[in-house]
Each structure stands twice: as C-alpha cells, then as structure tokens.
Amino acid sequence: MCCIYDLVRDQDTYRADVNKTVLDVAQAMVDRNIGAVPVLEDGLLVGIFSERDLMKKVVVEGRDASRTRVGDVMTPDPLTVAPSEELEACMLLMRQHGFRHLPISDGKQLKGMVSLRDIMLRDLTEKDDEVRMMRAYIHSTPQI
C-alpha cells in the first residue's frame with residue numbers, strides 16, 4: 001500500500017484564485033487536460049471547481065463565463081484527504097461521495113490533487129507488474 005501523496009508528489013497542481021474568471025480557469029483545464037481545480041484564496045484552499053460545476057452552475061444557468069468569478073460557482077469547503085491517507089481509503093471516499101477528484105491538504109494548505117484516473121492508472125500499472133511476474137514464474141525452468 002502507498003499513501004495518496006506519493007501518487008501526485010511530482011505533479012504540478014494547477015490552482016485557481018477565487019477571483020479568476022470561469023473562462024480563464026476552464027481554458028487552463030482544457031490546456032492541462034484536467035477535470036477539476038482547487039480554488040484558493042490568500043493561498044488557502046476554499047473550494048474546488050469541476051467540469052460539473054461548469055455545466056450546472058455556468059452553462060445551464062446561462063452565466064457569462066468571461067464575467068463570472070470561479071469563486072462564485074465553485075463547490076466550497078471540499079472534502080480533503082491528508083497526504084498520508086492510503087489509496088484504498090481515498091477510493092472508498094470517492095465512491096461513497098461520487099467524487100472524481102480529491103484535494104490533498106494539511107489543514108487548509110493544499111499539497112496536491114488526486115483524480116480517479118490517477119488512482120486507476122496506478123492500479124493498472126501494479127496489475128501489469130503482477131501479470132509479468134506470474135508469467136515469468138510460470139515460464140521459468142525448474143531448478144533440479
């Protein structure tokens with residue numbers, strides 16, 4: 001098992017200020033191929049803005065993305081996990097709450113963001129390694 005922060009330690013997490021426009025943040029999300037961003041105010045985590053927020057609170061409500069502050073349409077006070085949290089616990093939390101992204105923080109200090117995709121890729125890599133080891137074991141010649 002590994003802790004969740006090990007999975008994203010080397011990633012450069014994009015962070016949006018509460019005063020950025022939705023258009024600017026959405027463009028950054030497209031450029032980076034990410035589905036959610038942590039929202040900060042004075043350097044502290046205050047919310048998360050996701051593709052769902054964009055669709056439900058901007059597009060469907062007919063807001064102007066170039067004039068709407070991300071802080072006005074973010075999901076405030078998101079559930080977070082500690083950097084030492086185990087992968088399995090994070091997966092369970094995501095499944096229970098229907099999240100695809102979880103901020104990793106020490107209190108309000110953001111450390112990173114993990115996505116369901118990050119976790120699934122880690123699991124696939126581990127499974128591939130297990131299959132390779134099993135094949136090597138099966139095909140090895142017995143020592144007499």
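Under my numbering, the first residue of the sequence shown carries the number 1, and numbering increases by one thereafter. Note that the Cβ used here is the ideal one computed from N, Cα and C, for glycine as well.
DSSP, reduced to helix, strand and coil, places Ala26 within a helical segment of the structure shown. Of Val8, Gly43, Ser50, the smallest CA-CA separation from Gly98 is found for Ser50. Distance from Gly43 to Pro76 at the Cβ level is roughly 17 Å; contact not present, criterion being Cβ atoms closer than 8 Å. In the structure shown, the three-state DSSP call for Leu110 is strand.
In this structure, the alpha-carbon of Cys2 lies about 33 Å from that of Val70.
In this structure, the CA atom of Tyr137 is about 30 Å from the CA atom of Arg117. One thing to note: Ala16 has its Cβ within 8 Å of the Cβ of Val39.
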